[in-house]
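Comments concern the structure below.
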Ligand code: PFF
């Protein structure tokens, strides 16, 4: 069997974890959900949900991962031998591969849009050639499938490099650049004439907009954004060296993730307001509305908006890739450690699985649009299965495992590096893991059922 690798130092851990957390969830999902749910008020609830509900789950996953030094299934087998917890491990190896399958379809859209931006297709053209492009593109057969194939192949290419030379190197190289790029776009967007409304929308919370639905969607967003409940953070956690501080890694990742989401909000909302478009435009906000805005702005200085469009879609693509590799690695670590496969073979198998499922998801916007599962298209069905059910269920199980199955002293040992670190924060973290996070997840479940 190939030797198990670890991440280098503290910064490497945070950048790899932040790479997983920061992705389409921040740039594509967060702005439109915030737009639908009332802007600033939603952001405040989302930040609270990230620290009170999501961070304890994050800690639970890193505690299990680092203590066992194993993939998700191996961890359960080692820490609860001969029990049904193994099935939770299996579920959390399969679910990230399903998420990756449809995530890769949207990742593929960003590949296509980057090519379009590079060909200057979003600037200086009649607006009707842009409106309608998105729906024409996603419902066609070959182009989105090709884009999905390129995205999976890029992801597999990084994974082949291994933990240090693939995942760690790519995240270390790209994460600082991503922050820089999103700041550039946010500054550009805020400086547009008429952008003020967008800035106010994000900064002046309207608390009358907060309802039970807002709270549930803020929790769901925090969950998805921190990559929780699907064994990803557990697997990355298993690559954290024994001397690193889990509290620092978790808080660092959450802060990076939240900051990036808010920056993405500032990159998108002011431009949306400047163009006189409604903020609650839904999932099409990034792929439908923004090219329209880039084009509109390009009427005055075409090359600037062309460059902004290129930077924007490159940012989405790279952010999606650093998240995709974290999901891919869960399956690869499992196949290598439990089935004795080489990294190459494991990569090929996971890639093929995700490609086939993703193929169905991609076609479900076009030729397979008539196929429905529980009244939903294949893409929507898998998305809601994972986001609404499998991810919260995985998260719930991880917190129950750490809060109720492991002994308190084992948990404290792992979290404080055998009590070498400052232990003052531990009682609060333990309380959140044992009581608050599980109750919060059950609320998310109930709201998915009832709302
Ligand atoms: N956190 C990623 C995002 O916000 O785009 C999505 C994600 C990555 C979900 C990894 C789940 C996962 F395992």
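Numbering (my numbering), first residue to last: 3 to 453.
By construction, the Cβ of each residue, glycine as well, lies at the ideal position given by its N, Cα and C atoms.
Please read all numbers here as calculations on a predicted model, not as lab measurements.
Using a threshold of 7 Å, is the CB atom of residue i nearer than that to any non-hydrogen atom of ligand 1?
i: residue 23; result: yes
i: residue 329; result: yes
i: residue 26; result: yes
i: residue 107; result: no
i: residue 101; result: yes
i: residue 325; result: yes
i: residue 33; result: no
i: residue 446; result: no
i: residue 234; result: yes
i: residue 9; result: no
i: residue 285; result: no
i: residue 394; result: no
i: residue 226; result: yes
i: residue 98; result: yes
i: residue 62; result: no
i: residue 261; result: no
i: residue 229; result: yes
By Cβ distance, which residues of its chain are closer than 7 Å to residue i, with the 5 residues on each side in sequence left out?
i: residue 376; result: 383
i: residue 74; result: 91, 94, 95, 233, 236, 237, 332, 336
i: residue 340; result: 73, 75, 76
i: residue 20; result: 177, 255, 258, 259
i: residue 344; result: 4
i: residue 402; result: 440
Using only alpha-carbon positions, find the residue among the options that is nearest to residue i.
i: residue 115; options: 397, 288, 442, 25; result: 288
i: residue 363; options: 151, 92, 124, 122; result: 151
i: residue 54; options: 240, 435, 223, 428; result: 435
i: residue 260; options: 224, 188, 197, 302; result: 224
i: residue 334; options: 404, 131, 162, 443; result: 162
i: residue 92; options: 264, 332, 154, 245; result: 332
i: residue 268; options: 177, 10, 30, 5; result: 30
i: residue 385; options: 327, 170, 366; result: 366
i: residue 360; options: 379, 23, 138; result: 379
i: residue 400; options: 59, 89, 160; result: 59
i: residue 48; options: 61, 63, 32; result: 32
i: residue 369; options: 138, 10, 16; result: 138
i: residue 228; options: 409, 82, 314, 64; result: 64
i: residue 295; options: 279, 284, 285; result: 279
i: residue 1; options: 218, 394, 214, 128; result: Nothing can be reported for residue 1: it is not among the residues displayed for the chain, which extend from 3 to 453.
Whole angstroms are fine: how far does the CA of residue j sit from the CA of residue i?
i: residue 305; j: residue 312; result: 11 Å
i: residue 191; j: residue 183; result: 12 Å
i: residue 188; j: residue 270; result: 7 Å
i: residue 221; j: residue 446; result: 7 Å
i: residue 251; j: residue 310; result: 32 Å
i: residue 308; j: residue 178; result: 23 Å
i: residue 243; j: residue 302; result: 53 Å
i: residue 123; j: residue 318; result: 18 Å
i: residue 325; j: residue 13; result: 17 Å
i: residue 210; j: residue 37; result: 15 Å
i: residue 432; j: residue 330; result: 30 Å
i: residue 421; j: residue 405; result: 18 Å
i: residue 201; j: residue 415; result: 45 Å
i: residue 147; j: residue 281; result: 30 Å
i: residue 439; j: residue 42; result: 24 Å
i: residue 102; j: residue 356; result: 7 Å
i: residue 117; j: residue 110; result: 11 Å
i: residue 203; j: residue 247; result: 37 Å
i: residue 128; j: residue 298; result: 9 Å
i: residue 80; j: residue 66; result: 10 Å
In the DSSP assignment, the alpha helix (DSSP H) including residue i goes from what residue to what residue?
i: residue 242; result: Premise fails: residue 242 is in no alpha helix (DSSP H) and is neither H nor E.
i: residue 356; result: 345–365
i: residue 171; result: 171–192
i: residue 88; result: 87–120
i: residue 416; result: 410–417
i: residue 402; result: 393–402
i: residue 382; result: 380–386
i: residue 195; result: Careful: residue 195 lies outside any alpha helix (DSSP H) and carries neither H nor E.
i: residue 48; result: 42–51
i: residue 14; result: 12–23
i: residue 277; result: Where residue 277 is concerned, there is no enclosing alpha helix (DSSP H), given that its DSSP letter is neither H nor E.
i: residue 423; result: Residue 423 -> no alpha helix (DSSP H), and no H or E assigned at all.
i: residue 437; result: Looking at the DSSP string, residue 437 is not in any alpha helix (DSSP H), and its letter there is neither H nor E.
i: residue 341; result: 304–341
i: residue 227; result: 214–227
i: residue 72; result: No alpha helix (DSSP H) holds residue 72; DSSP gives it neither H nor E.
i: residue 145; result: 144–162
Which residues in the same chain as residue i place their Cβ atom closer than 6 Å to its Cβ, once the five residues preceding and following it in sequence are excluded?
i: residue 396; result: 94, 231, 232
i: residue 166; result: 7
i: residue 293; result: 124, 132
i: residue 199; result: 275
Is the closest heavy atom of ligand 3 to the C-beta of residue i under 7 Å?
i: residue 125; result: Here the bound small molecules are ligand 1; ligand 3 is not part of this structure.
For chain B, find out if any of its Cβ atoms is closer than 8 Å to the Cβ of residue i; answer yes or no.
i: residue 50; result: Looking for chain B here will not work: only one protein chain is present.
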